[in-house]
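The structure under discussion appears below in the form of structure tokens.
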Amino acid sequence: MHQTSSLECRPATPVHEADERARARAWAERLYAERRRRDALFPDELFGEPAWDLLLAMFIARDKSQAMILCKAYKAAGVSDTTGRRLLDRMEEDGLITRRRAPRSRKMRIVELTDLAVAQLTDYLARGV
146 MHQTSSLECR PATPVHEADE RARARAWAER LYAERRRRDA LFPDELFGEP AWDLLLAMFI
206 ARDKSQAMIL CKAYKAAGVS DTTGRRLLDR MEEDGLITRR RAPRSRKMRI VELTDLAVAQ
266 LTDYLARGV
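Residue numbering for the sequence shown follows our numbering, beginning at 146 and increasing consecutively.
Pasting the structure below:
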């Protein structure tokens, strides 16, 4: 019988959680890329789910440890600044995102998914593969 030492190294995140996150990110990247490919082939604004596009882009950025500044978020969702602000206001009210100032800029703002949004997206996306 093998005994484990209390000094044995264990991963900080259980393997199954890391696998689930990897599957979720891979699926998010495929969905987002497919949506951009579709948008390139058809007339502007024929399709539209900017909230979903934004959630996917933010999920991918978070998993890559990349900050999502507001203008990048609007571009990811394919919306104007005004529409993007309304969309983010709604997502913030629903507890899906938070906004904060960028560390080294008085003007730049960063938008991030909440833990709730990450958990829901991971659960949804990990089952999609």
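Built from N, CA and C at the ideal position, the CB exists for glycine as well. Model, not experiment: these values are computed from the prediction.
Applying the 10 Å Cβ sphere with the 16-neighbour rule, what's the burial state of Gly273? Position 128 of the sequence shown, counting from 1, holds the residue named residue 273. Flag for Gly273 reads exposed.
Helix, strand or coil at Arg245 according to DSSP, with G and I counted as helix: In the sequence shown, counting from the first residue as 1, residue 245 sits at position 100. Looking at Arg245 - three-state DSSP - the assignment turns out to be strand.
Inter-residue CB distance, Arg128 and Val263 (contact presumed, cutoff 8 Å): Nothing in the structure corresponds to residue 128, since the chain is present only between 146 and 274.
Give me, in chain order, the residues of the same chain whose beta-carbon lies closer than 6 Å to that of Phe204; leave out the 5 immediate sequence neighbours on both sides. Walking along the sequence shown from the start, residue 204 turns up at place 59. Closer than 6 Å at Cβ, skipping near neighbours: Ala173, Leu266.
If you draw a straight line from the C-alpha of Ile214 to the C-alpha of Leu200, how long is it? Taking the sequence shown and counting its residues from 1, the one referred to as residue 214 is at position 69. Taking the sequence shown and counting its residues from 1, the one referred to as residue 200 is at position 55. The alpha-carbon atoms of Ile214 and Leu200 are separated by roughly 14 Å.
How would you label Leu233, buried or exposed, when you count the other beta carbons within 10 angstroms and need 16 or more for buried? Within the sequence shown, numbered from 1, the residue matching residue 233 stands at position 88. Under this definition Leu233 is a buried residue.
Using a C-beta cutoff of 9 Å, does Gly229 count as contacting chain C? Absent here is chain C; the protein component of the structure consists of one chain.
Using a Cβ-Cβ cut-off of 7 Å (strictly less than) and excluding sequence neighbours within five positions of Asp226, which residues of its own chain qualify? Residue mapping note: residue 226 aligns to position 81 of the sequence shown, counting from 1. Correct list, in chain order: Tyr219.
Secondary structure at Leu270, three-state DSSP: helix, strand or coil? By one-based count along the sequence shown, residue 270 stands at place 125. Here Leu270 sits in helix by DSSP.
Looking at C-alpha atoms only, which residue of Arg182, Ala171, Asp189 is the closest neighbour of Lys209? Counted from its first residue, the sequence shown places residue 209 at position 64. Minimum Cα distance to Lys209 is reached at Ala171.
Can you tell me the Cβ-Cβ gap for Ile255 and Ala212, rounded? I've got them flagged as a contact below 8 Å. Sequence index remark: in the sequence shown, residue 255 carries index 110 (1-based). Sequence index remark: in the sequence shown, residue 212 carries index 67 (1-based). Right, their Cβ atoms sit about 5 Å apart.
Helix, strand or coil, according to DSSP, for Arg254 in the structure here? Against the sequence shown, residue 254 aligns to sequence position 109. The answer is strand: DSSP assigns Arg254 an E or B state.
Close Cβ partners of Ala124 (< 7 Å) along its chain, the five nearest in sequence each way excluded: As shown, the chain starts at 146 and ends at 274. That puts residue 124 outside it, with no answer to give.
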